[in-house]
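Heads up: the sequence shown at position 85 corresponds to 84 in numbering that gives the first Met the number 0, and the numbers run straight through without jumps.
The structure under discussion appears below in the form of structure tokens.
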Amino acid sequence: MKAKIRGSSLLPPRNRSRRPMTDLEQMVADLLDDLKIEFEREKPLKYLQGWRYFDFHLIEHGILIEVDGAYWHGDNPKPSYVAMMAKKNDMIKNWLAKKEGYKLVRIKEKQLKEDFSSVKNIISGEINKNLSRN
Numbered sequence: 000m001k002a003k004i005r006g007s008s009l010l011p012p013r014n015r016s017r018r019p020m021t022d023l024e025q026m027v028a029d030l031l032d033d034l035k036i037e038f039e040r041e042k043p044l045k046y047l048q049g050w051r052y053f054d055f056h057l058i059e060h061g062i063l064i065e066v067d068g069a070y071w072h073g074d075n076p077k078p079s080y081v082a083m084m085a086k087k088n089d090m091i092k093n094w095l096a097k098k099e100g101y102k103l104v105r106i107k108e109k110q111l112k113e114d115f116s117s118v119k120n121i122i123s124g125e126i127n128k129n130l131s132r133n
């Protein structure tokens with residue numbers, strides 16, 4: 000019975016914000032803290048009978064951030080089931096964010112580790128675009 004109730008699309012999603020952050024997510028959270036940007040983690044958006052969770056939601060700016068780790072989003076030349084499912088999930092999230100009126104920013108692990116300042120510039124740039132629209 001509990002599984003049926005928990006799986007019901009009428010109930011709000013579980014609070015996943017207490018889930019431990021990956022090292023990459025922690026880097027982005029620290030960057031957002033440095034920029035003094037208010038955010039929430041694990042932002043749920045309703046999709047069909049379930050939910051899709053986005054790594055970060057910049058509350059005042061209508062921006063979602065996804066941190067794409069190399070394991071799930073690597074540039075492996077051979078297609079694998081894991082890579083195909085990650086691409087499918089990414090396409091759903093891209094569509095869902097747009098449908099719900101959010102700007103989605105994707106940050107790749109390589110970029111985060113090798114060119115941290117560009118990630119900071121990308122996020123700042125999106126925030127400035129949002130502020131100039133309002």
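Note that CB positions come from ideal geometry on N, CA and C, so glycine has one too.
By the 10 Å Cβ neighbour count, where 16 or more other Cβ atoms means buried, how is residue i classified, buried or exposed?
i    : result
R40  : buried
V81  : exposed
F115 : exposed
K86  : exposed
K140 : Coverage of the chain is limited to positions 0 through 133, which leaves residue 140 absent and any answer about it impossible.
E113 : exposed
S131 : exposed
K42  : buried
S117 : exposed
Tell me, to the nearest whole angstrom, how far the beta carbon of residue i is from that of residue j; I am working on the premise that it is less than 8 Å.
i   : j    : result
V66 : I91  : About 17 Å; that fails the 8 Å criterion.
F38 : F55  : 5 Å
I62 : N127 : In fact, because the Cβ distance is near 11 Å, the residues do not count as touching under 8 Å.
Could you name the residues that DSSP lists as bridge partners for residue i?
i    : result
R51  : L44
H60  : Bridge partners of H60: none, in fact.
L103 : L63
F38  : L57
Between the C-alpha atoms of residue i and residue j, what's the straight-line distance to the nearest angstrom?
i    : j    : result
M26  : Q48  : 32 Å
D33  : E59  : 16 Å
L44  : K119 : 25 Å
S79  : N88  : 14 Å
L23  : L95  : 23 Å
S123 : M84  : 31 Å
E99  : R51  : 12 Å
K35  : M20  : 19 Å
N121 : A28  : This sequence places Ile at residue 121; Asn is not what is there. If I take the Cα positions, the gap works out to 15 Å.
Y101 : Q110 : 22 Å
A69  : L103 : 19 Å
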